[in-house]
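**Student:**
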Ligand code: DHB
Ligand code: MG
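Numbering (this note's numbering), first residue to last: 2 to 224.
1. Note down the Cα distance separating residue 86 from residue 187, rounded to an integer number of angstroms.
2. What separation, rounded to the nearest whole angstrom, lies between the Cα atoms of residue 151 and residue 170?
3. Which term fits residue 124, buried or exposed, when burial requires 16 or more other beta carbons within 10 angstroms of its beta carbon?
4. Going by beta carbon distance, what residues of the same chain come within less than 6 Å of residue 116, once the five residues before and after it are set aside?
5. Opposite residue 92 in the DSSP bridges: which residues?
6. Using only the alpha-carbon positions, how far apart do residue 216 and residue 172 sit?
7. Using three-state DSSP, classify residue 141 as helix, strand or coil.
8. Helix or strand or just coil, what does DSSP make of residue 108?
9. In angstroms, rounded to a whole number, what distance separates the CA positions of residue 38 and residue 175?
10. So residue 139 and residue 53 are in contact, right, with Cβ under 8 Å, and what is the actual spacing, rounded?
11. Around ligand 2, which residues pass a check of Cβ closer than 5 Å to any of its heavy atoms?
12. When DSSP labels each residue in this structure, what does residue 220 get in the three-state scheme?
13. Identify which residue in 93, 98, 24 has its Cα closest to the Cα of residue 120.
14. Give a yes or no on whether the minimum CB-CB distance between residue 58 and chain C is below 8 Å.
15. Let me make sure I understand the geometry here. Which of 114, 197, 88 has the alpha-carbon closest to that of residue 133?
16. Under a three-way DSSP split, which group does residue 163 fall into?
17. Looking at ligand 1, does it come within less than 7 Å of residue 128, judged from the CB to the closest heavy atom?
18. Three or more C-beta pairs closer than 8 Å, one from the region 95-102 and one from the region 160-167: is that the case here?
19. Tell me which same chain residues have a C-beta within less than 8 Å of the C-beta of residue 60, skipping the five on either side of it?
20. Can you find a heavy atom of ligand 1 that lies under 7 Å from the Cβ of residue 188?
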């Protein structure tokens with residue numbers, strides 16, 4: 002299943018996808034690895050992968066951090082956008098996913114520039130702080146911790162560095178309010194993502210926008 006692009010106009014989405022062909026055989030193989038190993042197929046869409054690679058290239062990233070590796074699909078896109086000699090530090094909660102991600106980085110021929118860390122990201126991130134400041138932080142892990150991950154990014158990005166958060170439309174719930182929530186989980190996730198967006202929208206430390214990808218991609222540049 003492909004996530005929709007932009008404003009939900011299927012013709013435009015198909016036009017962009019067919020013209021730019023964002024899913025090459027290596028990314029296709031990584032998706033197969035994800036399926037074969039029963040990892041949930043919640044990775045970013047190929048078009049979003051291209052967006053992330055381009056944003057990485059535009060920023061001239063040498064040192065990137067990813068929070069939420071899953072099976073290595075988005076990490077591959079970031080790794081492809083790195084400057085020569087660049088390095089991606091990617092954090093994954095589950096060892097099972099990390100193992101597949103390491104395979105994925107081999108498939109994509111980027112393992113020389115990717116280091117995978119396993120465990121809760123907020124506990125593991127201090128291990129790389131001495132390598133900072135970083136040029137890019139991509140957040141795509143547990144949604145309730147997005148504000149905490151942003152706090153970490155604000156301390157460890159260089160001026161001009163970028164923070165990106167996936168799923169910032171909260172799976173379509175971002176415009177809902179307290180009385181609309183059906184489960185406590187939905188409320189926690191949506192409120193955390195609202196906090197994340199609001200923090201970036203009003204921060205003195207970042208200039209930000211929310212790019213209208215299918216899932217919503219909030220991007221902030223550190224001032
Ligand atoms: C989920 C998480 C994601 O990061 C995503 O892009 C889509 C779905 C999820 O937890 O269901
Ligand atoms: Mg996501």
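Beta carbons: idealized from backbone N, C-alpha and C, even for Gly.
Computed from a prediction, not measured in an experiment: that's the story for all the values here.
**Tutor:** Result, derived from the coordinates:
1. Numbered from 1 along the chain shown, position 85 holds the residue referred to as residue 86. Numbered from 1 along the chain shown, position 186 holds the residue referred to as residue 187. Going by the C-alpha atoms only, they are around 41 Å apart.
2. Here residue 151 refers to the residue found at position 150 when the chain shown is read from its first residue. Here residue 170 refers to the residue found at position 169 when the chain shown is read from its first residue. Between the alpha carbons of residue 151 and residue 170 lies a distance of about 16 Å.
3. Within the chain shown, numbered from 1, the residue matching residue 124 stands at position 123. With fewer than 16 other Cβ atoms within 10 Å, it is exposed.
4. Taking the chain shown and counting its residues from 1, the one referred to as residue 116 is at position 115. Here the set comprises 90.
5. Along the chain shown, one-based indexing puts residue 92 at 91. Answer is 68, 118, bridged to residue 92.
6. Position 215 of the chain shown, counted from the start, is the residue given in the question as residue 216. Position 171 of the chain shown, counted from the start, is the residue given in the question as residue 172. Whole-angstrom Cα-Cα distance: 7 Å.
7. Taking the chain shown and counting its residues from 1, the one referred to as residue 141 is at position 140. Under the three-state reduction of DSSP, residue 141 is assigned to coil, being neither helix nor strand.
8. Counted from its first residue, the chain shown places residue 108 at position 107. If DSSP states are grouped into helix, strand and coil, residue 108 belongs with the helices.
9. In the chain shown, the residue the question calls residue 38 occupies position 37. In the chain shown, the residue the question calls residue 175 occupies position 174. The alpha-carbon atoms of residue 38 and residue 175 are separated by roughly 31 Å.
10. For the purposes of this step, residue 139 is taken as the residue at position 138 of the chain shown. For the purposes of this step, residue 53 is taken as the residue at position 52 of the chain shown. For residue 139 against residue 53, the beta-carbon gap comes to about 7 Å, under 8 Å, which counts as contact.
11. After applying the 5 Å Cβ criterion, the set is 141, 167, 168.
12. Walking along the chain shown from the start, residue 220 turns up at place 219. The answer is strand: DSSP assigns residue 220 an E or B state.
13. For the purposes of this step, residue 120 is identified with residue 119 of the chain shown, where counting begins at 1. Answer by Cα proximity: 93.
14. Included in the structure is just one protein chain, with no chain C present.
15. Numbered from its first residue, the chain shown carries residue 133 at position 132. Closest option to residue 133, Cα to Cα, is 88.
16. As a working mapping, residue 163 is identified with position 162 in the chain shown. DSSP places residue 163 in strand when its eight states are reduced to three.
17. Taking the first residue of the chain shown as 1, we reach residue 128 at position 127. No, the Cβ of residue 128 stays beyond 7 Å of every heavy atom of ligand 1.
18. Contact between the region 95-102 and the region 160-167 is absent, because fewer than three Cβ pairs lie under 8 Å.
19. The sequence position of residue 60 within the chain shown is 59, counting from 1. In the same chain as residue 60, and ignoring 5 residues on each side of it, the C-beta atoms closer than 8 Å to its own belong to 136, 137, 161, 162, 163, in chain order.
20. Within the chain shown, the letter at position 187 stands for residue 188. Placement of the Cβ of residue 188 at a distance of 7 Å or more from every heavy atom of ligand 1 is found.
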